[in-house]
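Novice:
Residue numbers (full-length UniProt numbering), protein chains in the order written: chain A, 1 to 567; chain B, 1 to 567.
(1) With DSSP as the reference, label residue 181 (chain B) as helix, strand or coil.
(2) Note the first and the last residue of the continuous beta strand (DSSP E) segment covering residue 438 (chain B).
(3) Would you kindly work out how many angstroms separate the C-alpha atoms of residue 449 (chain B) and residue 326 (chain B), rounded to a whole number?
(4) Which residues in the same chain as residue 335 (chain A) place their Cβ atom closer than 6 Å to its Cβ, once the five residues preceding and following it in sequence are excluded?
(5) If you measure from the beta carbon of residue 280 (chain B) to each beta carbon in chain A, is any gap under 8 Å?
(6) Got a sec: does the ligand MG put a non-hydrogen atom nearer than 7 Å to the Cβ of residue 45 (chain A)?
(7) Please return the same chain residues whose Cβ sits closer than 7 Å to the Cβ of residue 104 (chain A), not counting the five positions on each side in sequence.
(8) For residue 415 (chain B), report the span of its alpha helix (DSSP H) as first-last.
(9) With a cut-off of 8 Å, does the C-beta of residue 284 (chain B) fall near any C-beta of chain A?
(10) Ordered along the chain, which non-local residues of its own chain (more than five positions away) have a Cβ less than 7 Å from that of residue 547 (chain A)?
(11) Would a check of beta-carbon distances place residue 51 (chain B) closer than 8 Å to chain A?
(12) Are the CB atoms of residue 423 (chain B) and residue 475 (chain B) nearer to each other than 8 Å?
(13) Straight-line CA distance for residue 173 (chain A) to residue 523 (chain A)?
(14) What is the C-beta distance between residue 66 (chain B) and residue 82 (chain B), in whole angstroms, given that I count them as a contact (C-beta under 8 Å)?
(15) At a CB distance below 8 Å, what residues from the stretch 233-255 of chain B approach chain A? Give them in sequence order.
(16) Can you find at least 3 beta carbon pairs, one from the stretch 236-246 of chain B and one from the stretch 259-278 of chain B, that sit closer than 8 Å?
(17) Please work out which residues of its chain come closer than 7 Å, Cβ to Cβ, to residue 389 (chain A), disregarding the five sequence neighbours upstream and downstream, and give them in chain order.
(18) Can you tell me whether residue 550 (chain B) is helix, strand or coil according to DSSP?
(19) Quick check: what's the CA-CA separation for residue 210 (chain B) versus residue 222 (chain B)?
(20) Say whether chain A places a C-beta atom closer than 8 Å to the C-beta of residue 301 (chain B).
(21) List, in order along the chain, the chain B residues whose C-beta lies closer than 8 Å to that of residue 270 (chain A)?
(22) Does residue 164 (chain A) come out as helix, strand or coil in the three-state DSSP assignment?
(23) Would you verify that the beta carbon of residue 465 (chain B) is, or is not, closer than 8 Å to some beta carbon of chain A?
(24) What are the start and end residues of the beta strand (DSSP E) that includes residue 421 (chain B)?
(25) Under a CB-based cut-off of 8 Å, is residue 526 (chain A) close to chain B?
(26) Got a sec: which bits of the stretch 151-182 of chain A sit with their beta carbon under 8 Å from any beta carbon on chain B, in order along the chain?
(27) Could you tell me which chain A residues have their CB closer than 7 Å to the CB of residue 222 (chain B), listed as they occur along the chain?
(28) Just list the alpha helix (DSSP H) runs in the stretch 266-352 of chain A, keeping only unbroken ones of 4 residues or longer that don't cross its boundaries, in chain order.
(29) In three-state terms, what does DSSP make of residue 135 (chain A)?
(30) For residue 521 (chain B), name the three-state secondary structure that DSSP assigns.
(31) Between the alpha carbons of residue 75 (chain A) and residue 240 (chain A), how many angstroms are there, rounded?
(32) May I ask you to report which of helix, strand or coil DSSP gives residue 231 (chain A)?
(33) With 8 Å as the threshold, decide whether the Cβ of residue 19 (chain A) is near any Cβ in chain B.
(34) Residue 394 (chain B) CB to nearest chain A CB: under 8 Å?
(35) Note down, in chain order, every chain B residue with its Cβ under 7 Å from the Cβ of residue 429 (chain A).
(36) When DSSP labels each residue in this structure, what does residue 32 (chain A) get in the three-state scheme?
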């Protein structure tokens with residue numbers, strides 16, 4: 001950890017018991033979009049708005065008074081919350097299944113208490129208390145997990161507390177020479193940008209969960225942001241880590257690179273709160289960009305689009321944001337934007353002979369116009385060899401403007417009776433066509449039913465020299481009788497397509513959403529029984545009594561053979 | 001692992017029992033260099049050539065006949081070598097202490113046998129036999145470790161075998177679309193380039209050990225090459241790994257990036273044969289360059305030189321090779337090149353008012369002249385803001401020509417009574433000046449004695465946005481009475497400077513030489529007692545009986561407090 005300039009700055013937060021759903025205003029679904037959706041999927045008229053949370057069942061807290069008192073002895077009475085709303089606010093994350101559970105109340109798992117430590121030292125002492133009192137601990141940052149990563153599972157413990165890191169909200173230090181900033185785990189992404197911005201710096205990490213997600217969560221889940229082509233995945237930015245574990249505090253990271261044995265930071269990154277609670281992260285930062293340019297292009301056909309992105313990646317000229325939609329996603333984007341411009345665009349593409357339009361968004365950010373022009377010219381030299389239709393910066397800026405709107409749009413879709421969820425994977429370039437096809441097929445087949453015609457669409461948002469991610473979104477009229485099972489069967493079919501037949505995975509079970517509960521049954525297939533055994537060995541060494549985030553990530557022996565239903 | 005195109009190509013080798021010292025011809029020390037060295041260091045006249053290896057003491061093999069027979073049952077009789085020369089050839093690596101031991105015979109540890117498996121499956125079965133017969137296993141690739149990584153230590157086992165991977169020498173597959181090649185662990189770097197070159201590809205990994213080192217060794221030690229600024233460190237190239245362990249075979253790597261839990265590949269990379277034997281590595285490859293340009297510059301002063309490299313790194317415009325020598329290393333380079341050109345250069349620098357010349361070598365390699373010109377222009381725009389003296393391509397090409405000559409020069413220096421050794425570290429930019437100064441001071445103080453004036457010099461050869469490596473070379477007249485202790489005391493002093501006071505490391509104990517026996521006492525200080533405990537847990541899970549490479553890497557509990565003497 002680098003502590004060159006101790007600044008201990010923080011954004012003023014009033015977190016306490018209040019918990020609000022996805023930040024910002026909910027975007028209502030435009031009428032033309034709803035019309036298109038009904039025609040395309042068979043969705044019927046009607047609305048299914050969420051009811052008041054006051055009707056949801058929440059069990060009495062099972063936290064023993066002795067444990068509560070011990071926790072209050074560490075963090076103060078005011079930072080141990082037992083009230084219904086606080087507990088309900090930390091039942092889980094933001095997956096489709098989580099949202100459905102919050103609407104129906106079925107399967108809700110509220111923690112027995114919410115604990116809000118104020119310092120890394122307090123986090124360490126909270127763990128000590130929880131070991132002593134046999135209490136499970138679910139580390140809670142922004143609560144944006146879409147894989148069950150923060151579901152308040154108790155495991156075999158007496159009770160479970162949500163360890164909310166919201167008050168670890170400080171910028172600890174900035175080293176402007178080395179361009180390293182140390183941020184506490186509870187700092188939310190917009191606050192991180194604000195705190196760093198005051199020093200002329202940026203982290204450059206913009207996942208769709210940006211508005212709520214935290215530094216600790218990014219590290220614990222190996223997050224990737226929309227600008228990861230330019231700034232790198234979150235793990236690429238991590239210089240050092242500080243983590244509280246039941247066997248003591250662990251600090252890692254003294255140099256930008258090392259050959260001093262295995263890189264143990266890479267064991268903490270992606271550990272999802274099962275090995276310890278990350279309290280501080282030393283991060284590589286960059287000067288904040290002063291200029292940006294986002295542009296849209298249309299390429300004729302998915303194969304050609306993939307070839308463009310591959311060429312950019314392999315010639316190391318990816319734009320900071322590089323995003324390719326397949327035909328279905330392009331069709332949905334155009335349909336949802338609606339109006340006269342849509343008709344004009346369709347006519348123009350027709351005229352240009354584009355039969356299978358795929359939208360390509362490229363975005364550059366830079367310290368000055370010269371650098372931006374340089375990067376852009378290098379990329380466009382490659383792009384233009386694939387004869388794209390240039391849409392200009394309006395299309396690019398339109399994407400940028402809506403880049404964090406996904407969660408709000410999803411809420412609006414849930415309100416009109418839709419099942420909408422995403423999943424993602426990554427594989428090597430040579431396997432991209434087959435994996436794209438098999439996952440689309442699996443989702444489409446599983447979600448098709450009388451009167452229900454799913455839309456399954458995909459984009460590439462993260463590309464590497466050797467391969468890329470595939471991010472799928474499925475939209476289908478919800479099965480009112482079994483809304484959870486409807487999606488779980490589709491998800492299992494998609495996971496099976498990714499996991500491959502005969503024990504050879506075709507892609508990774510998750511490129512940037514992490515494992516949580518939902519991908520846990522599939523992990524052994526990816527890392528092998530030896531890998532699962534290694535995780536188990538590390539888990540037992542760092543968390544001998546198993547208090548940390550039960551039921552997440554770490555495979556149980558032989559779990560690969562279990563029913564892959566997701567819970 | 002990617003097996004798209006099975007090619008199973010191999011370079012024809014005749015390895016068997018024959019083992020030769022450092023490849024290529026030994027470069028004798030020019031007369032002017034020797035004169036300079038004597039004047040500068042106090043080195044006396046005389047030569048100390050290595051004696052014949054036939055006089056070295058080698059104990060009888062302790063391998064039980066039952067174990068030998070079982071091993072021969074796996075790999076065939078001809079691949080279990082018990083003869084003196086074969087065993088002597090795998091006693092250890094190429095550190096200064098290793099070389100001195102091979103000259104004196106003192107402290108030599110010959111393995112009891114050399115085993116040469118031909119396939120990954122045979123490697124797995126050899127481990128099974130060694131577990132059953134309680135035999136220690138030292139995986140042996142190019143034998144170029146400079147940290148005791150391949151010393152044939154027996155630990156608490158009945159005997160020790162060197163598991164030489166020379167016959168795992170195949171290019172298993174090439175996926176030209178994904179740009180991934182699978183190479184077996186025993187492929188030497190020049191052969192890897194030859195095998196890949198036939199497909200128009202390159203790995204781009206050129207450490208000084210290039211002529212002998214192997215793919216498996218690179219992976220096991222987190223190697224960094226001279227062109228790592230352009231091609232990345234070896235671990236950056238690794239897509240997948242196949243490793244034999246005592247509990248079964250482990251395969252990792254299905255995608256370019258993943259959020260499926262911790263990146264376990266990063267636990268295999270740097271494991272130095274203590275957790276398993278790497279048998280195959282899937283590597284990102286690139287088109288072989290067709291053009292290159294290497295240039296020399298002189299910057300006035302180390303601080304300014306560091307600033308140049310930092311600017312290049314932080315603006316992400318490092319040349320593929322970026323290498324800055326400090327004043328002492330520059331002086332030695334100039335002195336050793338000798339002749340009229342040296343005088344002319346000194347006069348020219350004088351004229352230009354350069355008081356403290358620091359040599360900067362920048363090298364670019366590219367697929368075509370346009371790409372090279374583009375990269376070079378971007379870098380030079382930055383370099384020229386620091387007012388360097390341009391030496392042109394002669395100086396750059398001169399460095400490139402001699403880039404692998406270090407080991408041979410070292411042999412020549414040993415022959416004239418010199419102690420010469422290197423060590424390296426890395427830290428963040430803000431700590432570079434203090435660490436450079438403290439390590440130089442530690443080495444200089446420890447090696448200075450009546451009649452012995454050390455030359456301690458340093459270069460930066462690997463730079464990152466947040467910091468850089470520091471690579472030190474020390475040259476001093478050898479202490480004939482205690483040649484090993486002379487260096488070990490200096491090394492310990494340097495390691496202490498790196499490890500810092502009060503438990504806060506200033507840099508990493510090794511940036512690219514790995515841990516082996518030599519850095520093992522310092523590892524706990526860097527990764528913490530929790531980190532050491534995690535390594536121990538993984539070791540016990542994968543190698544429950546402890547047959548794999550005893551005495552290397554994995555710290556023993558409380559070792560941080562032990563006497564930091566090395567060897």
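Backbone N, C-alpha and C define an ideal beta-carbon position, used for all residues, glycine too.
Specialist: So, to answer that:
(1) strand
(2) From DSSP, residue 438 (chain B) is part of no beta strand (DSSP E) but of the alpha helix (DSSP H) over 432-447.
(3) 24 Å
(4) 36
(5) no
(6) You won't find the ligand MG in this model; it holds no ligand whatsoever.
(7) none
(8) 406-415
(9) yes
(10) 130, 131, 135, 136, 137, 157, 246
(11) no
(12) no
(13) 37 Å
(14) Incorrect: roughly 14 Å between the Cβ atoms, too far for contact.
(15) 233, 235, 239, 245, 247, 248, 249, 250, 251, 252, 254, 255
(16) yes
(17) 297, 298, 349, 352, 354
(18) coil
(19) 14 Å
(20) no
(21) 259, 260, 261, 262, 263
(22) strand
(23) yes
(24) 418-428
(25) yes
(26) 175, 177, 178, 179, 180
(27) 259
(28) 302-314, 327-337, 339-351
(29) strand
(30) helix
(31) 26 Å
(32) helix
(33) Caution applies to residue 19 (chain A), whose pLDDT of 33 falls short of 50 and renders its modelled position unreliable; the value that the coordinates give is listed next. Taking Cβ atoms only, chain B never reaches closer than 8 Å to residue 19 (chain A), which makes this a no.
(34) no
(35) 177, 178
(36) helix
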